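Student:
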Amino acid sequence: MTSPSIACQQLVEMVTDYLEGCLTAEDMAAVQRHLQACADCSGYLTQMRRVITLTGAVFDDRTGMLPAGMLDGLTQAFTKRLPSAW
Amino acid sequence: MIGAAVSGGFWLAVVDGIDRFQGRSTLRTWVLSILIRQAQRTGRRERRTIPFSVAWRGEHGPTLAQDRFRPANAAEYPRGWVSPLPRWDLLPDNQRQARELRGVLDDAISDLPRRQQQVVMARDVWGCGSSEVCTMLGLSANYQRVLLHRARAHLRTVLETYLSVAAS
């Protein structure tokens with residue numbers, strides 16, 4: 000999709016491609032021009048970024064710390080797999 | 000839903016399946032595939048019904064209600080917003096609000112169509128890269144972006160609704 004100017008209704012469907020860096024150079028420039036001029040679309044993009052950040056925090060274990068009980072579960076699972084002679 | 004998936008059942012699936020890992024993907028990708036399937040099974044057990052609006056949501060068409068935009072033949076700002084976008088009243092250091100919002104999002108992710116759920120979990124919950132997700136789920140890059148866009152747009156709408164109710 001290429002266009003010298005982009006309407007708000009189009010931009011909201013382009014935000015993911017914009018954030019992924021998958022727009023053509025022309026479309027990227029058109030989106031950036033629109034965002035500079037349109038507070039609502041700029042706000043929409045900010046909200047999408049906020050959704051991505053919040054979604055990333057949904058799983059508490061992103062820090063790499065094992066949730067309570069996981070280490071016990073893992074230990075039990077591996078123990079069951081050990082040969083009976085051990 | 001997602002927290003419940005990372006439980007003994009997940010690790011058992013990894014341990015039981017490790018002998019079948021054939022190295023066609025990285026071990027990380029393979030483990031993440033199991034996690035996503037476990038999370039989906041947990042989500043399906045917890046939700047016996049799917050909201051009507053979600054059941055009929057397809058993978059085509061606009062992601063925002065069209066009555067939020069002016070018509071294409073409007074004299075002023077064609078296809079522009081009808082009303083200003085509602086601003087979100089987010090409190091940066093409010094742990095309680097953050098926890099509530101995460102809960103709202105977790106429920107909304109459970110309501111997504113399967114493919115959208117898989118992609119948004121892999122990309123935005125687990126932080127996997129685009130090509131890794133395409134490999135894991137057998138998707139083209141374009142289709143993966145479509146699914147991701149539709150999932151994120153739905154989550155944004157859910158949050159918008161939740162925050163507007165909370166503010167009223």
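Going down the list, the sequences are from chains A and B.
Here the first sequence stands for residues 0 to 85, numbered as in numbering that gives the first Met the number 0.
Here the second sequence stands for residues 0 to 167, numbered as in numbering that gives the first Met the number 0.
C-beta atoms are modelled at their ideal positions from N, C-alpha and C, and glycine is treated no differently.
This one's a predicted model, so the numbers in the text were calculated from it and none came from an experiment.
(1) State yes or no: is the beta carbon of residue 6 of chain A nearer than 8 Å to at least one beta carbon in chain B?
(2) Please confirm if residue 9 of chain A has its CB atom under 8 Å from at least one CB of chain B.
(3) Please check if any C-beta of chain A sits within less than 8 Å of the C-beta of residue 62 of chain B.
(4) Given that residue 104 of chain B touches chain A, what residues does it touch there, using C-beta distances under 7 Å?
(5) Is it true that the CB of residue 7 of chain A sits closer than 8 Å to the CB of residue 79 of chain B?
(6) Does the stretch 29-39 of chain A come close enough to the stretch 136-153 of chain B to have 3 or more Cβ pairs within less than 8 Å?
(7) What are the residues in the stretch 115-148 of chain B lying within 9 Å of chain E by C-beta distance?
(8) With a threshold of 16 other CB atoms inside 10 Å of the CB of residue 121 of chain B, please say whether the residue is buried or exposed.
(9) What's the call for residue 92 of chain B, buried or exposed, on a 16-neighbour Cβ count within 10 Å?
(10) Kindly say whether residue 100 of chain B, judged by its beta-carbon, lies nearer than 8 Å to any beta-carbon of chain A.
(11) Can a CB atom of chain B be found closer than 8 Å to the CB of residue 43 of chain A?
(12) Please list, in chain order, the chain B residues whose beta carbon lies closer than 7 Å to that of residue 47 of chain A.
(13) Using C-beta distances below 8 Å, list every residue in its chain close to residue 77 of chain B, excluding the 5 sequence neighbours before and after it, in chain order.
(14) Would a C-beta distance cut-off of 8 Å place residue 105 of chain B and residue 57 of chain A closer than the cut-off?
(15) Can you give me the Cβ contacts of residue 53 of chain A inside the same chain, cut-off strictly under 6 Å, excluding the 5 residues immediately before and after it?
Tutor: Reading it off the structure:
(1) For this step, residue 6 of chain A is matched to residue 7 along the first sequence. Judged by the 8 Å Cβ criterion, residue 6 of chain A is in contact with chain B.
(2) Along the first sequence, one-based indexing puts residue 9 of chain A at 10. Output row for residue 9 of chain A: interface = yes.
(3) For the purposes of this step, residue 62 of chain B is taken as the residue at position 63 of the second sequence. So yes, residue 62 of chain B belongs to the interface.
(4) Counting from one through the second sequence, the residue named residue 104 of chain B turns up at place 105. The contacting residues are 53, 54, 57.
(5) Here residue 79 of chain B refers to the residue found at position 80 when the second sequence is read from its first residue. Here residue 7 of chain A refers to the residue found at position 8 when the first sequence is read from its first residue. Yes, they are a contact pair.
(6) no
(7) Among the protein chains of the structure shown, namely A and B, there is no chain E.
(8) Position 122 of the second sequence holds residue 121 of chain B. Residue 121 of chain B is buried by the Cβ-count criterion.
(9) Here residue 92 of chain B corresponds to residue number 93 of the second sequence, with the count starting at 1. Answer is exposed; the Cβ neighbour count stays below 16.
(10) Indexing the second sequence from 1 puts residue 100 of chain B at position 101. At least one chain A Cβ lies under 8 Å of residue 100 of chain B.
(11) Within the first sequence, residue 43 of chain A is the residue found at index 44, counting from 1. So, interface residue.
(12) Translated into the one-based positions of the first sequence, residue 47 of chain A becomes position 48. The answer, in chain order, is 151, 155.
(13) The residue labelled residue 77 of chain B in the question sits at position 78 within the second sequence. Taken in chain order, the residues that qualify are 69, 70, 71.
(14) Counting from 1 along the second sequence, the entry for residue 105 of chain B is found at position 106. Counting from 1 along the first sequence, the entry for residue 57 of chain A is found at position 58. Going by C-beta atoms, residue 105 of chain B is nearer than 8 Å to residue 57 of chain A.
(15) As a first step, residue 53 of chain A is located in the first sequence; it is residue number 54 there, counting from the start. Here the set comprises nothing.
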